[in-house]
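Read through the structure below, which is laid out as structure tokens, and then see the notes.
Number of protein chains: 2
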Amino acid sequence: MRTLDWVDDHLRMIDQRRLPYALEYLELHRWQDVATAIADMAVRGAPAIGAAAAFGLALAAAQASGAEPADWWRGFDEAAAGLAATRPTAVNLVWALQRVRAAVAALGAGATAAELARATLAEARAIAAEDAAANAALGTHGARLVPAQARILTHCNAGSLATVEWGTALAVVYKAHAAGKQVHVWVDETRPRQQGARLTAWELQREGIPLNLISDTAAGRLFQTGQVDLVVVGADRIAANGDVVNKIGTYTVALLAREHGVPFYVAAPISTLDPATPCGAEVPIEERSAAEVLQINGQAIGPAGVTAANPAFDVTPHRLVSAIITERGIHRPPYDMGAVVAAAGAEERG
Amino acid sequence: MRTLDWVDDHLRMIDQRRLPYALEYLELHRWQDVATAIADMAVRGAPAIGAAAAFGLALAAAQASGAEPADWWRGFDEAAAGLAATRPTAVNLVWALQRVRAAVAALGAGATAAELARATLAEARAIAAEDAAANAALGTHGARLVPAQARILTHCNAGSLATVEWGTALAVVYKAHAAGKQVHVWVDETRPRQQGARLTAWELQREGIPLNLISDTAAGRLFQTGQVDLVVVGADRIAANGDVVNKIGTYTVALLAREHGVPFYVAAPISTLDPATPCGAEVPIEERSAAEVLQINGQAIGPAGVTAANPAFDVTPHRLVSAIITERGIHRPPYDMGAVVAAAGAEERG
Chain L
1 MRTLDWVDDH LRMIDQRRLP YALEYLELHR WQDVATAIAD MAVRGAPAIG AAAAFGLALA
61 AAQASGAEPA DWWRGFDEAA AGLAATRPTA VNLVWALQRV RAAVAALGAG ATAAELARAT
121 LAEARAIAAE DAAANAALGT HGARLVPAQA RILTHCNAGS LATVEWGTAL AVVYKAHAAG
181 KQVHVWVDET RPRQQGARLT AWELQREGIP LNLISDTAAG RLFQTGQVDL VVVGADRIAA
241 NGDVVNKIGT YTVALLAREH GVPFYVAAPI STLDPATPCG AEVPIEERSA AEVLQINGQA
301 IGPAGVTAAN PAFDVTPHRL VSAIITERGI HRPPYDMGAV VAAAGAEERG
Chain D
351 MRTLDWVDDH LRMIDQRRLP YALEYLELHR WQDVATAIAD MAVRGAPAIG AAAAFGLALA
411 AAQASGAEPA DWWRGFDEAA AGLAATRPTA VNLVWALQRV RAAVAALGAG ATAAELARAT
471 LAEARAIAAE DAAANAALGT HGARLVPAQA RILTHCNAGS LATVEWGTAL AVVYKAHAAG
531 KQVHVWVDET RPRQQGARLT AWELQREGIP LNLISDTAAG RLFQTGQVDL VVVGADRIAA
591 NGDVVNKIGT YTVALLAREH GVPFYVAAPI STLDPATPCG AEVPIEERSA AEVLQINGQA
651 IGPAGVTAAN PAFDVTPHRL VSAIITERGI HRPPYDMGAV VAAAGAEERG
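What follows is the structure, encoded as structure tokens:
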């Protein structure tokens, strides 16, 4: 399933806020609309955010394709800054914006605005295509870690909807299923925004994968009673030492997995690795609106006047991570994500 | 705040399904209505269930107070069986029913139905009065464990609403607050039934205790960032070895507390101790309706046709419990709850 795509002259993507009740698409013609869609989580998931932001630059670039190059660059950088400000934690966002800028800047000082705009769109398309290919590849690698019969627990949505296509954690599930393995997925609801209930359950059901939804509180008992064979989750950012920044609640699942001797895998493309950040403690953790905790479907869940804390992510220390799965293969401790990125870069250049 | 009470000729109690939106009372005149109220969780919390069931027996007893003693006993035992079948996990339910039966049977074969009915009501009233007194006492004991400034995390509702009065875990908070300590409470939402958001937040707010609601998934990050000084929860049953059966998700919080060196306390009256059960693994864990997971306020949270698992309780192994607080004092490992019950019984008899 393709979550977002460039259609004619604009970005079309699934409005994930409407799922699982309705499958609707947003048609976005201005970079500001893309920024709003990212901030409001109409699109979410680190790889999907990166690709959407790249297409946001392509929209800004096209709008100014008749301008002087200096004005074009001013508009480009304004759009890049606006898009970068939407979500502070996912590293793919900054990675995608920087990658597009570098590719376009490589055209040199003589390029016209029209040429710059064409190059922007081409690079955004390349990012999207590479994300889909990387996820398919990491899914195939990860499926090797799945036994012939497996009860898999996942948290949040690291599926097709979190990426351009295939997903990360769910790519592992899809590829294992396609290889004939019997998989059953325990889907954490993932409060406050319920991405598990709304998105992962919807995706798995659509793909014919057996699943059971659980409240986040029920995971502990499933581990206690030996009903989980492995955990696989995605990531919003992976630091150089293998610390994993992912949806709030991931750390708790990792701790349960370690306590019960269950493997805890993290699946993410290379674009999610951030070797410039030594460890998870240095990643800014977005605090989102209290309303996400206090209301569900617009209805208050607590008494009037109550306040809430709402950190959107937590940090899973690398010592709790059994393996990190990327399109390059399966990486085991001790982690050196800088080396993984360098090797991928060398192969690309070579 | 008094959660349930005998008024004139019947049981009056707060309808907890309506909180926090409205404070409404149920007026119950038949034991069958009490059984339904327990099964539907209009009343919940182990001590409150025990007292409500005892008053249910008093209603059955009063209805048959003109009958022959043999018929009276037949009606009594039918009501006891019906009430016992409502919730399998909370031990106070069976404890209260057995205690009332023993007290009434002590009248001997010559007692009239009217005398038996009076004795039933008297014992139910004694159970309710003793629960309130026990909770006040355990709150005072537990408050000694609370530092002068404390950020306290709690799960589910072990407050006034879970008991006849005062609560268990929240009795500790209330007594610490009354002693002039600065307490702030992190309230876990406690999916699926959201007792934290609906009941604990409501109670604490009403008592003027500072609180922040959190999604269950956010607890891990609060521990990671050093924002929790202690945990205190209630219990539905405590086995002889100190294993604690409590609301689903409690075990996960206990594991987080141990990982971060934060004390994890369990507050419960003696009536919640079950020395006849050697360890938590032998306690039946109620599996409740999938609809509790799949719907919130009547609205589906996932796609149509999805299924859910919904265990209502989990087992926190005694090795994760820093202390158990009862009306007899603070009990530290190694736990021998049989000795605690025996000592309490000896004092009562002595």
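In the order they appear, the protein sequences are chains L and D.
Numbered per the numbering used here, the first sequence spans residues 1 to 350.
Numbered per the numbering used here, the second sequence spans residues 351 to 700.
We put the CB at the ideal spot given by N, CA and C, even for glycine.
All figures in this text were calculated on a predicted structure; none of them were measured in a lab.
Would you mind reading off the limits of the alpha helix (DSSP H) that contains residue i?
i               : result
W202 of chain L : A201 to R206
M687 of chain D : M687 to R699
L606 of chain D : T600 to E609
Q32 of chain L  : W31 to A39
A129 of chain L : A113 to A143
H360 of chain D : Premise fails: H360 of chain D lies in the beta strand (DSSP E), H360 to I364, not in any alpha helix (DSSP H).
L563 of chain D : First-last for L563 of chain D: L561 to I564, but that is the beta strand (DSSP E), not the alpha helix (DSSP H).
A410 of chain D : A396 to Q413
L580 of chain D : Careful: L580 of chain D lies outside any alpha helix (DSSP H), inside the beta strand (DSSP E) at L580 to V583.
Q194 of chain L : Note, Q194 of chain L: premise wrong, no alpha helix (DSSP H); not H, not E.
A569 of chain D : A569 to Q574
V172 of chain L : A169 to A178
I think residue i touches residue j, with their Cβ atoms under 8 Å apart; what is that distance to the nearest whole Å?
i               : j               : result
A103 of chain L : A119 of chain L : 6 Å
Q197 of chain L : G652 of chain D : Checking the displayed sequence, the identity of residue 197 of chain L turns out to be Ala instead of Gln. A197 of chain L to G652 of chain D, Cβ: 4 Å. Contact.
I364 of chain D : L511 of chain D : 7 Å
E553 of chain D : L520 of chain D : 6 Å
A500 of chain D : D579 of chain D : 5 Å
R571 of chain D : P311 of chain L : 5 Å
L361 of chain D : A389 of chain D : Not quite, the Cβ-Cβ distance comes to about 15 Å (not below 8 Å), so this is no contact.
G688 of chain D : P625 of chain D : 4 Å
D566 of chain D : D586 of chain D : Not quite, the Cβ-Cβ distance comes to about 18 Å (not below 8 Å), so this is no contact.
W95 of chain L  : S271 of chain L : 5 Å
D593 of chain D : G630 of chain D : 3 Å
A308 of chain L : L563 of chain D : 4 Å
L57 of chain L  : W73 of chain L  : The pair is not a contact, with the Cβ atoms about 12 Å apart (cut-off 8 Å).
N596 of chain D : T518 of chain D : About 10 Å; that fails the 8 Å criterion.
D232 of chain L : Y265 of chain L : In the sequence as presented, Asp is not what sits at residue 232 of chain L; that position holds Val. Contact holds; Cβ gap of about 5 Å.
Starting from residue i and walking both ways along the beta strand (DSSP E), at which residues does that stretch end?
i               : result
D664 of chain D : F663 to T666
N647 of chain D : It is not in any beta strand (DSSP E) - N647 of chain D carries neither H nor E in the DSSP assignment.
G679 of chain D : G679 to H681
Q182 of chain L : Q182 to D188
Y375 of chain D : Y375 to L378
Y265 of chain L : F264 to A267
A150 of chain L : Q149 to T154
W356 of chain D : L354 to V357
V164 of chain L : Premise fails: V164 of chain L is in no beta strand (DSSP E) and is neither H nor E.
R237 of chain L : R237 to A239
T676 of chain D : A673 to T676
N660 of chain D : No beta strand (DSSP E) contains N660 of chain D, which DSSP labels as neither H nor E.
N246 of chain L : V244 to K247
Answer with buried or exposed for residue i, where buried requires no fewer than 16 other C-beta atoms within 10 angstroms of its C-beta.
i               : result
L59 of chain L  : buried
G305 of chain L : exposed
G584 of chain D : buried
Q182 of chain L : exposed
D359 of chain D : exposed
G45 of chain L  : buried
P278 of chain L : exposed
L670 of chain D : buried
A328 of chain L : Before going further, note that residue 328 of chain L is Arg rather than Ala in the sequence given. Buried.
A22 of chain L  : exposed
A498 of chain D : exposed
A16 of chain L  : Residue 16 of chain L is actually Gln in this sequence, not Ala. It is buried - the Cβ of Q16 of chain L has at least 16 other Cβ atoms within 10 Å.
E637 of chain D : exposed
D71 of chain L  : exposed
H527 of chain D : buried
G298 of chain L : exposed
Self-check item: Residues of the region 562 to 577 of chain D whose Cβ lies closer than 8 Å to any Cβ of chain L, in chain order
Solution: Answer set for the region 562 to 577 of chain D: N562, L563, I564, S565, D566, T567, A568, A569, G570, R571, L572 and Q574.
Quiz item: What residue ranges within the region 73 to 106 of chain L form continuous alpha helix (DSSP H) runs of no fewer than 4 residues, ordered along the chain?
Solution: Counting only runs of 4 or more, we get 91 to 105.
Quiz item: Of the residues that make up the region 18 to 48 of chain L, which ones have a beta carbon closer than 7 Å to any beta carbon in chain D?
Solution: Cβ contacts with chain D come from P20.
Quiz item: What residues in the region 644 to 664 of chain D have a beta carbon less than 9 Å from any beta carbon of chain L?
Solution: So the close ones are L644, I646, N647, Q649, A650, I651, G652, P653, A654, G655, V656, T657, A658, A659, N660, P661, F663 and D664.
Exercise. Using a Cβ-Cβ cut-off of less than 7 Å, give me the residues of the region 177 to 197 of chain L that come near chain D, in sequence order.
Key: Going along the region 177 to 197 of chain L in chain order, one finds E189, T190, R191, P192, Q194 and A197 with a Cβ nearer than 7 Å to chain D.
Quiz prompt | Residues of the region 90 to 104 of chain L with Cβ closer than 9 Å to any Cβ of chain D, in chain order | solution = Residues of the region 90 to 104 of chain L whose Cβ lies closer than 9 Å to any Cβ of chain D: none.
Exercise. Return the residues of the region 251 to 263 of chain L that lie within a Cβ-Cβ distance of less than 7 Å from chain D, sorted by chain order.
Key: If you check each beta-carbon in the region 251 to 263 of chain L against every beta-carbon of chain D, the ones closer than 7 Å belong to Y251, T252, L255, L256 and E259.
Practice problem: Could you run through the region 668 to 690 of chain D and flag, in chain order, every residue whose CB is less than 8 Å away from some CB of chain L? | Solution: Answer set for the region 668 to 690 of chain D: empty.
Quiz item: According to a CB-to-CB cut-off of less than 7 Å, which residues of the region 482 to 516 of chain D neighbour chain L?
Solution: If the cut-off is 7 Å between Cβ atoms, the region 482 to 516 of chain D has nothing near chain L.
Practice problem: Below 9 Å between beta carbons is the criterion; list the residues of the region 582 to 599 of chain D that meet it against any residue of chain L, in chain order. | Solution: Result list: K597, I598 and G599.
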